[in-house]
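Take a look at the structure below.
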Amino acid sequence: MDEGKVSISGRIHYSIVEEMRKDSVIANIADDLGLDIKQLSSRKLRIVSRASEKYFYVNLNNGNLYIKDRIDRETLCGTEASCFLTFDAVVENPLNIFKIKVDIQDINDNSPQFYHDKITLDITEFTLAGARFALQGAEDPDIGSNSVQTYKLSDNEYFTVTENIRTDGSKSPELVLEKTLDRETQNIHELILTALDGGNPISSGTTLLNIIVTDVNDNAPVFTQDMYKVSLKENIPVNSTVIRLDATDSDEGVNAQITYSFIKTSGNLHYRGIFSILPNTGEIRINGNLDFELTKNYELSVQAKDGGGLVAHCKVLVEVIDENDNAPEISITSLSSPILEDSAPGTMIALIEVHDQDSGDNADVDCQILEDVPFNLLSLDNYYKLVLRNPVDKEKTSSYNVTIVATDRGSPPLSRKLKLKLDISDVNDNPPIFVKSSYVAYVPENNVPGASIFSIHASDPDTGDNGKIIYSISSTITENLSMSSYLSINIETGVFYAQRSFDYEQNKEFTIEITATDNGTPSLSSNATLIIHIVDQNDNAPKILYPSPDIGESAVFEMVPFASEPGSLITKVVAVDADSGHNSWLSYHFLQVSDPNHFVISEQTGEIRTLRGFQEKDMVNYKIVVMVKDNGNPSLSATTTLSLIIADDFQQVVPKLNNQPTEEETQNNLQLYLVVALGLISLLFIITVMVVIISKCKQPKPSAAFSSLTTNLYPPIDPRTFSMYSDGSSPFPYSYNVCVALDSAKGDFTYMNPNGNVPVENLMDADNAEQGSECIKEASPNSEQLDFNFSLNKFNAMNYEERQEITPVSTSEICTEGHELYTTAFAKLDLELA
605 MDEGKVSISG RIHYSIVEEM RKDSVIANIA DDLGLDIKQL SSRKLRIVSR
655 ASEKYFYVNL NNGNLYIKDR IDRETLCGTE ASCFLTFDAV VENPLNIFKI
705 KVDIQDINDN SPQFYHDKIT LDITEFTLAG ARFALQGAED PDIGSNSVQT
755 YKLSDNEYFT VTENIRTDGS KSPELVLEKT LDRETQNIHE LILTALDGGN
805 PISSGTTLLN IIVTDVNDNA PVFTQDMYKV SLKENIPVNS TVIRLDATDS
855 DEGVNAQITY SFIKTSGNLH YRGIFSILPN TGEIRINGNL DFELTKNYEL
905 SVQAKDGGGL VAHCKVLVEV IDENDNAPEI SITSLSSPIL EDSAPGTMIA
955 LIEVHDQDSG DNADVDCQIL EDVPFNLLSL DNYYKLVLRN PVDKEKTSSY
1005 NVTIVATDRG SPPLSRKLKL KLDISDVNDN PPIFVKSSYV AYVPENNVPG
1055 ASIFSIHASD PDTGDNGKII YSISSTITEN LSMSSYLSIN IETGVFYAQR
1105 SFDYEQNKEF TIEITATDNG TPSLSSNATL IIHIVDQNDN APKILYPSPD
1155 IGESAVFEMV PFASEPGSLI TKVVAVDADS GHNSWLSYHF LQVSDPNHFV
1205 ISEQTGEIRT LRGFQEKDMV NYKIVVMVKD NGNPSLSATT TLSLIIADDF
1255 QQVVPKLNNQ PTEEETQNNL QLYLVVALGL ISLLFIITVM VVIISKCKQP
1305 KPSAAFSSLT TNLYPPIDPR TFSMYSDGSS PFPYSYNVCV ALDSAKGDFT
1355 YMNPNGNVPV ENLMDADNAE QGSECIKEAS PNSEQLDFNF SLNKFNAMNY
1405 EERQEITPVS TSEICTEGHE LYTTAFAKLD LELA
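Numbered by this note's numbering, the letters in the sequence shown go through residues 605 to 1438 in order.
As structure tokens, this is what we get:
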């Protein structure tokens, strides 16, 4: 049977006799109900009843129904014609309710018994034969044939006994006078009255009948009816009149005075104190409260006795009418709480029993739920099944307060409430949730290893282990190192820690996949991306590429034409900074200059230009110290030194140097002599170099010799000088081609002089880019760079047409021969200028 469907069977009847021994087997209820004995425990077979649970029990191992306690039919039902016990056999999974009725059969376990051990009866001696006298009969709680059937009287010649059958079928004894009495002969007669039942064996009871022969009282009282029936509402007020009895007596005087009283019987004991009778009037009144739920019927035995001692008997049957004075009772017989939040609609949550002690419409009960909750009530006779109507979600509502109201159909209706708190049990139906799918963190470089750098959090609306989250890094490799060598994460808190100090120049960014996994079964997880940007710090000083720092402390010589116009480009200081952003913004400044009125440097580009034209009286040699400073905080810097020589050719250098006073001459005359000596030596050196160059140019140029000569002429240039940005632009404003042209016709060097002010964008032609590259490739770290730097500046100052004039000479020859001659000439010049 599907969950949610309920079977209520017809009644199953058992019949047993009263007084069965404890643990006696009644029947195998499992077989009778068609249940599998192996499933009795799992299906929770049980007895549900307010009265029968103390009399019966079920053994779940074999399915037998047993007697739990002594059953006395007379105690349960009194003199009722039928006596039975009912209970519900309830099983679950699926839910079934079976109605069981057990009839209790009477056995002759009680003997007839007279309430009085001695009955006294007054009879006048003139009473005629055939007169009948009512006697109080014996009582037997048994019913049917087991109750009192006959009466016997001990042997005598005056009296016999007979049974008077009342309208309700009960029998009462009557004494019949068979012979006229003679008071003078015998004034007292003592007889034994015996009551016998119809049981097997027959049981009996006796009482002593004491008959006193008196003077004349020849009429006994007579009731108008031998049985009266009265119906009373159970809420009748106290002192209300039940009935007024009327008995008559034909005698006169004292013999006609009737006194009414209740006959003392065992049956009358249970209403003692509830009813009273007025002796003179026969009016019966209510002295206490009637309760239909306790006693539905009362049988009152009344006696009317005249002044002469004669009596008459009658019965008053009082039927109690039910009033709606009991609110319904509501109880839970089965409850499944907490409720799994993935339970399907229709799942039974609770089995509720309703009961009203009233009867009729007063006992009919309807139930309903007050709140708007996802549950329904299904009626099952005197049961209600609480089932799930809609799916529940613990994350939205963790529990429900359910109030069930049971209302009867009485007038006015009475009701009672039952409050339930139904908790919802969590299942792992929600994965961890990140607030965002992607997170961005900024971490300054040079951080302290082991410091926390970021915290990530995921939430899980589930509870307990289902809501406990463990974090992990799912990305495993970045470049050649595992992610664990860079970062670690606290699996419980989601805090990231740096495993090492980051370097922006090596790693600018990390992209990490984070997985949040709950501890449910099965576990659920979700992912998020964390992008860590390494924030640059000003930890790198500018690096000067040109003039090359490889020349050590020697100053770089630049030849400046004497006829240079103001604003002419002399040279350019090229520097880079490994940092980025503001930290890599470079500015160029003169830190020291011999004469600040002649030269100016661009702070943005590092270009050094003439400020005004030169005159004969001006100095020949100018020493300039350039500082390159970045924009960091604090800023870092680097310096380089350049020597500018004002001359049109080398022949003009030495005389001007000899005639040019320096600051050192005013301080020390010895320096003057040293400079003169240096100039002479430099002149001889230049002449020697020129002779060697001329001789070399006249000789044939074997390629092998030049190959060996030019292998390591120039120091390596930093590759970043010629690298390109992603947008195609160069990192520096200019690229320098290192080439010098030799004029063989003049026997001297040809300097590539700028033709006026050359625009910056024309300093490097795209068509000649390869020529500069060839020269750079032939550079040697062991060669002198004085001539190299000088030639570099001059060649870059040429426009395209001027460069084309020297193209017949191959780039390799220009670079090789020019450098060899320049090395010799400038070595001597360097000594003189120092």
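For each residue, glycine too, the CB sits at the ideal point set by N, CA and C. These numbers come from a predicted model, not from an experiment.
Could you pull out every residue in the same chain whose Cβ sits closer than 7 angstroms to the Cβ of residue i, ignoring the five residues on either side in sequence?
i            : result
residue 993  : 949, 978, 979 and 980
residue 748  : 710
residue 783  : 733, 761 and 762
residue 1199 : 1223 and 1226
residue 764  : 757, 780 and 782
residue 926  : 838, 896, 962, 963, 964 and 966
Give every residue of the same chain whose Cβ lies closer than 8 angstroms to the Cβ of residue i, excluding the five residues on either side of it in the sequence, and list them in chain order.
i            : result
residue 1105 : 1049, 1050, 1051, 1052 and 1053
Just reading off the beta strand (DSSP E) that residue i is part of, what are its end residues?
i            : result
residue 797  : 792 to 801
residue 813  : 808 to 818
residue 1026 : 1019 to 1029
residue 879  : 879 to 881
residue 1231 : 1225 to 1233
residue 726  : 722 to 728
residue 779  : 775 to 781
residue 771  : No beta strand (DSSP E) contains residue 771, which DSSP labels as neither H nor E.
residue 919  : 915 to 925
residue 896  : First-last for residue 896: undefined, no H or E at that position.
With DSSP collapsed to three states, give me the class of residue i.
i            : result
residue 1292 : helix
residue 831  : strand
residue 1069 : helix
residue 1197 : strand
residue 1089 : helix
residue 868  : coil
residue 1215 : coil
residue 890  : strand
residue 1059 : strand
residue 1277 : helix
residue 643  : helix
residue 1182 : coil
residue 1188 : helix
residue 1040 : coil
residue 858  : helix
residue 657  : helix
residue 1300 : helix
residue 1247 : strand
residue 619  : strand
residue 1285 : helix
residue 938  : strand
Hey, could you find the ends of the alpha helix (DSSP H) residue i is sitting in?
i           : result
residue 637 : 633 to 637
Distance check for residue j and residue i, CA to CA, integer angstroms please.
i            : j            : result
residue 807  : residue 755  : 12 angstroms
residue 1202 : residue 1136 : 50 angstroms
residue 621  : residue 652  : 22 angstroms
residue 1220 : residue 1281 : 23 angstroms
residue 675  : residue 804  : 20 angstroms
residue 1025 : residue 1120 : 34 angstroms
residue 691  : residue 663  : 16 angstroms
residue 826  : residue 852  : 5 angstroms
residue 912  : residue 847  : 26 angstroms
residue 616  : residue 915  : 51 angstroms
residue 843  : residue 743  : 30 angstroms
residue 705  : residue 669  : 12 angstroms
residue 910  : residue 768  : 21 angstroms
residue 1172 : residue 1146 : 26 angstroms
residue 1371 : residue 1164 : Residue confidence is low: residue 1371 scores 38 on pLDDT, short of 50, so the model does not pin down where it sits. Its coordinate-derived value is still stated next. C-alpha separation (whole angstroms): 27 angstroms.
residue 828  : residue 907  : 13 angstroms
Leaving out the 5 sequence neighbours to the left and right, which residues in its chain are closer than 6 angstroms to residue i when beta-carbon positions are compared?
i            : result
residue 794  : 814
residue 1061 : 1098
residue 740  : 867
residue 1134 : 1043, 1116 and 1118
Between residue i and chain C, is any beta-carbon pair separated by less than 8 angstroms?
i           : result
residue 869 : Included in the structure is just one protein chain, with no chain C present.
Could I get the ranges of all uninterrupted alpha helix (DSSP H) runs contained in the stretch 677 to 720, with 4 residues as the minimum, in chain order? Fully enclosed alpha helix (DSSP H) runs of 4 or longer: 677 to 681.
Just to confirm the assignment: which complete beta strand (DSSP E) runs, minimum length 3, are found wholly within the stretch 1092 to 1173? Taking 3 residues as the shortest admissible run, the stretch 1092 to 1173 contains the following complete beta strand (DSSP E) segments, listed from N- to C-terminal end: 1099 to 1102, 1113 to 1122, 1129 to 1139, 1147 to 1150 and 1160 to 1164.
Complete beta strand (DSSP E) runs within the stretch 947 to 1008 (minimum length 3 residues, chain order): DSSP assignment within the stretch 947 to 1008 yields the following whole beta strand (DSSP E) runs of 3 residues or more, N-terminal first: 952 to 959, 969 to 973, 979 to 984 and 987 to 992.
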